[in-house]
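Have a look at the structure below before the remarks.
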Amino acid sequence: MTGAQQQADWSTPRVSPVALNDRESFREKAFHRESPLRRLDWVVLFCAVALSGIGAVLVWSATRAAMEAAGGDPRAFLKRHVLNVLIGLALGAIAALVDYRMLRAYAPIVYIASTIGLVAVLSPLGSVINNARSWIVIGGGFQVQPSEFAKVALVVGMAMILGEKRDNEADPRDGDVLLVLAMAAVPMGLIMLQPDLGTMMVFVFTILGVLAVSGAPRRWVAGLVILGVLSGWGILHFHMLEDYQEARLTSFANPEADARDTGYNVNQAKIAIGSGRVTGKGLFQGTQTNGEFIPEQQTDFVFTVAGEELGFVGAGTILLLLGVVLWRGTRIAVNAGDMFGTLVAAGVVSWFAFQSFVNIGMTLGIMPVTGLPLPFVSYGGSAMFANFMAIGLLCNVKMRSNSWD
Amino acid sequence: MSHRSRLRLAVLQLLVLSLFGTLFARLWYLQVMAGEQYETIAANNGRGTIAERATRGRILDDMGRPLVTNRTSLVVSASYAELLKQEDGGLAVLKRLSKLIKVPVTQLKHEVEPCPSTKERREKGITVCNNGSPLQPVPVAQDVPPEVAYKIMEHREDFPGIEAKAVAVRSYPHKDLASHVFGYLGRINADEIGKGKYKKGYDPSDLVGRGGVEEVYDRDLKGVAGLQTVAVNSKGRVTGVLDTREPVPGNDLVLSLDLVVQRSAEKALDDWMAFARRTPDKNGVRKAPSGAAVVVDVKTGRLVALASSPTFDPARFQTRIPQKEFTRLFGEKANDPLVSRAVQGLFAPGSTFKLVSTAAAVEAGNAPLGGIFNCPGALKVGNSSKSNFEGRGEGPISLYTTLVKSCDTVYYQFAMDQWYADQALIEQDKKPREVLQKMARDFGFGTPTGLDLPDERGGLIRDRASIRKSWETNKDYYCKLMTNPTQTPYQQAIARENCEEGWRYRLGSAANDYVGQGDVLVTPLQMAMAYAALANGGTLYSPRVAKAVVGPDGKVVREIKPKVVRELTKGPNPTVQPRTLDYIRNSLAAVPTEGTARGAFLGYPYGSVPIGGKTGTAEVQGKHDTSWFASFGPVGDPRYAVVVMVEQAGTGGSVAAPAVRQIWDGIYGLEGHKAAYSGGLPPNGLPRFAADGTIRKPRLPARTRPSSPPDTRALPAQTDRRRGSYA
Chain A
1 MTGAQQQADW STPRVSPVAL NDRESFREKA FHRESPLRRL DWVVLFCAVA
51 LSGIGAVLVW SATRAAMEAA GGDPRAFLKR HVLNVLIGLA LGAIAALVDY
101 RMLRAYAPIV YIASTIGLVA VLSPLGSVIN NARSWIVIGG GFQVQPSEFA
151 KVALVVGMAM ILGEKRDNEA DPRDGDVLLV LAMAAVPMGL IMLQPDLGTM
201 MVFVFTILGV LAVSGAPRRW VAGLVILGVL SGWGILHFHM LEDYQEARLT
251 SFANPEADAR DTGYNVNQAK IAIGSGRVTG KGLFQGTQTN GEFIPEQQTD
301 FVFTVAGEEL GFVGAGTILL LLGVVLWRGT RIAVNAGDMF GTLVAAGVVS
351 WFAFQSFVNI GMTLGIMPVT GLPLPFVSYG GSAMFANFMA IGLLCNVKMR
401 SNSWD
Chain B
1001 MSHRSRLRLA VLQLLVLSLF GTLFARLWYL QVMAGEQYET IAANNGRGTI
1051 AERATRGRIL DDMGRPLVTN RTSLVVSASY AELLKQEDGG LAVLKRLSKL
1101 IKVPVTQLKH EVEPCPSTKE RREKGITVCN NGSPLQPVPV AQDVPPEVAY
1151 KIMEHREDFP GIEAKAVAVR SYPHKDLASH VFGYLGRINA DEIGKGKYKK
1201 GYDPSDLVGR GGVEEVYDRD LKGVAGLQTV AVNSKGRVTG VLDTREPVPG
1251 NDLVLSLDLV VQRSAEKALD DWMAFARRTP DKNGVRKAPS GAAVVVDVKT
1301 GRLVALASSP TFDPARFQTR IPQKEFTRLF GEKANDPLVS RAVQGLFAPG
1351 STFKLVSTAA AVEAGNAPLG GIFNCPGALK VGNSSKSNFE GRGEGPISLY
1401 TTLVKSCDTV YYQFAMDQWY ADQALIEQDK KPREVLQKMA RDFGFGTPTG
1451 LDLPDERGGL IRDRASIRKS WETNKDYYCK LMTNPTQTPY QQAIARENCE
1501 EGWRYRLGSA ANDYVGQGDV LVTPLQMAMA YAALANGGTL YSPRVAKAVV
1551 GPDGKVVREI KPKVVRELTK GPNPTVQPRT LDYIRNSLAA VPTEGTARGA
1601 FLGYPYGSVP IGGKTGTAEV QGKHDTSWFA SFGPVGDPRY AVVVMVEQAG
1651 TGGSVAAPAV RQIWDGIYGL EGHKAAYSGG LPPNGLPRFA ADGTIRKPRL
1701 PARTRPSSPP DTRALPAQTD RRRGSYA
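From first to last, the protein sequence lines stand for chains A and B. Numbered according to our numbering, the first sequence terminates at residue 405, and the numbering increases by one at each position without gaps. Numbered according to our numbering, the second sequence terminates at residue 1727, and the numbering increases by one at each position without gaps.
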């Protein structure tokens, strides 16, 4: 969009009186310049769909050999991934099209629902997978991970509390900040019990991002950063983690030291990515991938498939697409029509940015192994649904923003 | 939106930007900068190899007769990778197998599982473990009965990861014959691979030669193992075959050793050691615990027989031996049967060393060939009196009789003459001549002969310089011991002498050295090579037991020739004059007829194969004498040197000499023995390998001359010959 057009747009009324005219055809309505569809952020949507498309291929490549060896359908994961994307898109559309003002009203419901889900996983309904009680198996091969939806609830809930402005106050009061922390403490405590360290860290970073952007007093922001660092140190120092967790966290610094065990994953991931070089070994040609040297390759370590088979070109493309989503997200935050929109967008950006960085950083050996999926690319229904709901929220904010940016 | 929020959003943007910048930079580093390195790691990551051992080459004697061959054996092996796949890690399978082959489960587990750390191995007492790739099946039982093999192969579902198949293993048709020459096979140790002789081409599953030609010619014999390169996933499951290399069978090794001569040498050794044991002499019961016999072709330097007793059965190493059993069979109490007395045993040579002392005395001018020397019963050497064997004197005799009768006092006189001459040189600040030591070294004593068998020893020849050197390293010990109150006064006195005077080459030591006592230590092989040099006119060889390496197609890959170490009679400054050697040879020719070995050779068909030789009776502190006989023959044109040494067996003439006689009988077919070679001469060429794999005998050289009577050209007037013999 050129600057001239942008300039012109500023002069047009924000809400068209004809937009709600019943007599107009659906077609006209849909493509009216003021229609939500026209105002949708197509770039973000394109990037998200492209990422999940690449993800589908990578998940296929990662699971093909093992499924075939087990006598199953080699495309089973591919099919499920595509199904997840489609469901995700539908959920995202709902999140995007639901009335902006109603979103605030729904926030408590989403929050309570996800909290119930988190309680449920800790009950006998929950199942333990990879040392964490994070799933509810609902049969037919489907399982739900409530903590993923809790991320959405957290973002909307925080935006709701911090976005409510009293009188003409520019920045939230201490009371608001405390309320936010109290609200976040419930799901965080429940996640801590699973225990799911990765999601915990995403929560902390998202809270920090939203609080900071909300204009909360500096002492709160600084205090939270210090608290985060101290508790991280304390957890390691007083061995509050399970051995496997601590080993995973600390082994990234020196993966070769324990090449057959904890550091093994990191080492094999690095070998996979490094050996892909510039153009990769070609789809399905990855020796590390086909040899099943990397565990959880369709979920947490999916980036290694891209690195090995598609090389720097493919892995770089994923980084670039994620980068574009995040950049657009911050632009949406800047241009949002109100504080609520800004904070929703900032929350989504903080969440995706941190989760992507930790996930990719872990495969590259610069971050500890924490079991976080890569947004859109990793296989996993709940995460995919939550991710697309977040994209829907971004679009919702964008559609109601005062900018065409 | 507040200014603060806007600012913080900008910070968030910056943060996102820098996080992604970091990821890009790291990705660039891994894939572009370090990519090549990771590519190599990845290439080797998903690979494994499964080796298939090549059939080892045979070991043949000079006539092409198999000495060590291969046979098929039913071997049960277990694959760790396959066992690991099972839910219980293969424990149930191992338990079933344990019952079948009657080996404890814990032992099977140790053998199949990858080797733990050295510490853990020591703690758990694990002696055998899997040091190879987990993919490589480990043999756990050999020579299993066919029904056991059938059971395993027919009930595959009960024995996943276990296989039974026929493989080639070493076969020793002659049991413990010449086992020191052959050596045995053992598994290679993990820490040996990649180092020294195992630098390249060795796999952890390899069997390698230990001792003998199996070790020295391991590379020739082993062939090239077949190698299957397979793609492996992280769980160790084979996902495909990448490359297959067929095994290449090893080359055959033809030895110069002759089966018949070797057998007769070992029998002679056994017979006469047994004789010594059951016949006490005047010093009591003879233990005769060990001995050695060497037969060398003096014209070529090739070994025709090399025997050491006690011996061992190399096949014993094919199956597992518990440590206790190993110690019992091969330890000190069993008299160290793995040690080859012929090449690794050091013994005082006694009078056989007079070959060297005579040559040294003659060449130094102490003993003119035509001279007459006094042989008293005893001689005052320095402060003590040293007597002849049994105190017997002969009066004035020629050098010839000195050798025939082995008169020690004549040599004591030579030693004194030389010692005083050397001391005089030292007082003039000149180098002592030390003719005995020089002559001994020239005859090959003091250094290993360099034959193609491992761990040969070099013996001991001490001169003034080496005595001083060892004194300098040991004097502190003696000087401390000298004042140690726990020592008896006698021990203290000895320590004092060693501390203060230990650097001296004393007159008494010199006298002892001249008669092969004192500090002189030699191997029976060195003695044989010295007598071979005497017999062939002065060529000292570095001997060989192997003659050629022959490929599986029958083509000669490489011929192995003994090296000439030294020509004693040649060069501008010859060590010894040819006529000196002639004189010594002719003198020694009379030892079996009228000298110290007369008793042993009574009735010997001297006319057909005349031999010469020298007895040796070496005194050993607190034990029976070592019995030696070093011989050569036929006297006119010597072809072989035969040496026998038996420990703690008494005089040379009583045990070693009759054993040597029996060996000569075996070579030439005398006194009711069957001849090893129809013409008495070893084959020049190699056995002939036919295309169908059969081996035919090499052509033997025709007997060119009838055996000749002793050469009498250099014989002195034989006026002082008397009956009677010394050792």
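No residue lacks a Cβ here, since even glycine has one placed at the ideal position from N, Cα and C.
DSSP, reduced to helix, strand and coil, places Asp-1476 (chain B) within a helical segment of the structure shown. Only residues of its own chain outside the window of five on either side were considered, and among them Leu-51, Gly-55 and Val-302 have a CB closer than 6 angstroms to the CB of Val-377 (chain A), listed in chain order. Contact note: Lys-270 (chain A) reaches chain B through Leu-1030 and Tyr-1038, using a C-beta cutoff of 8 angstroms and chain order. Counted as a single uninterrupted DSSP element, the beta strand (DSSP E) harbouring Glu-1567 (chain B) occupies residues 1563-1567.
When DSSP states are grouped into helix, strand and coil, Arg-219 (chain A) belongs to the helix group. Ala-93 (chain A) has a beta carbon lying at 7 angstroms or more from every beta carbon in chain B.
Looking at the DSSP output, Gln-143 (chain A) shares a beta bridge with A:Val-137. DSSP places His-1624 (chain B) within a strand segment (E or B) once states are collapsed to three.
Taking 7 angstroms as the threshold, the shortest C-beta distance from Glu-68 (chain A) to chain B does not fall below it. One alpha carbon belongs to Ser-214 (chain A), the other to Gly-126 (chain A), and they sit about 35 angstroms apart.
At a beta-carbon threshold of 8 angstroms, the residues of chain B lying near Val-349 (chain A) are Leu-1012 and Val-1016, ordered along the chain. Met-1153 (chain B) counts as exposed, since fewer than 16 other beta carbons sit within 10 angstroms of its beta carbon. In this structure, DSSP gives Ile-1050 (chain B) an extended state, which the three-state scheme calls strand. Along the region 309-337 of chain A, going in chain order, the ones with a CB nearer than 9 angstroms to a CB of chain B are Gly-311, Phe-312, Ala-315, Gly-316, Leu-319, Leu-320, Leu-322, Gly-323, Leu-326, Trp-327, Gly-329, Thr-330, Arg-331, Ala-333, Val-334 and Ala-336. Excluding sequence positions up to five before and after His-1110 (chain B), its CB lies within less than 6 angstroms of the CB of Ile-1126 and Cys-1129, all in the same chain and listed in chain order. Put simply, the region 1049-1059 of chain B touches the region 1165-1179 of chain B. At least three CB pairs are less than 8 angstroms apart. Within 10 angstroms of the beta-carbon of Thr-206 (chain A) lie 16 or more other beta-carbons, which makes it buried. Under DSSP, Val-1075 (chain B) forms a beta bridge with B:Lys-1165.
For Arg-1008 (chain B), the enclosing alpha helix (DSSP H) starts and ends at 1003-1028.
Per DSSP, the unbroken alpha helix (DSSP H) holding Arg-1579 (chain B) starts and ends at 1578-1588. In the same chain as Ala-315 (chain A), and ignoring 5 residues on each side of it, the C-beta atoms closer than 6 angstroms to its own belong to Ala-306 and Gly-307, in chain order. Under the 7 angstroms criterion on CB atoms, Leu-1023 (chain B) is classed as interfacial with respect to chain A. Against Asn-1131 (chain B), chain A offers no close residue; the least beta-carbon distance is about 17 angstroms (beta-carbon pairs closer than 9 angstroms).
Within chain B, not a single residue places a beta-carbon under 8 angstroms from that of Ser-61 (chain A); the smallest gap is close to 15 angstroms. Annotation: Asp-1243 (chain B) is outside any alpha helix (DSSP H); the continuous beta strand (DSSP E) that includes it extends over 1238-1245. Annotated as proximal: Leu-122 (chain A) and Leu-193 (chain A), with beta-carbon spacing under 7 angstroms. Within the model, the alpha-carbon separation for Ala-1010 (chain B) versus Asp-176 (chain A) is close to 23 angstroms. By DSSP's assignment, Gln-1228 (chain B) forms a beta bridge with B:Ile-1050 and B:Thr-1244.
Boundaries of the alpha helix (DSSP H) harbouring Ser-1357 (chain B): 1354-1364, taken from the DSSP string. A Cβ-Cβ separation of about 36 angstroms leaves Val-1213 (chain B) out of contact with Val-1241 (chain B) under the 8 angstroms criterion.
Contacts with chain B at 7 angstroms (Cβ-Cβ) do not include Thr-370 (chain A). Collapsing the DSSP output to three states places Pro-1489 (chain B) in a helix. Under the Cβ criterion of 7 angstroms, Ala-1081 (chain B) is not counted among the residues facing chain A. Fully contained in the region 309-381 of chain A are the following alpha helix (DSSP H) runs of length 4 or more, in chain order: 311-335 and 339-363. Distances from the CA of Leu-40 (chain A) to each of A:Val-155, A:Val-59, A:Thr-299 and A:Gly-329 were compared; the closest alpha carbon is that of A:Gly-329. One alpha carbon belongs to Thr-1617 (chain B), the other to Thr-1596 (chain B), and they sit about 11 angstroms apart.
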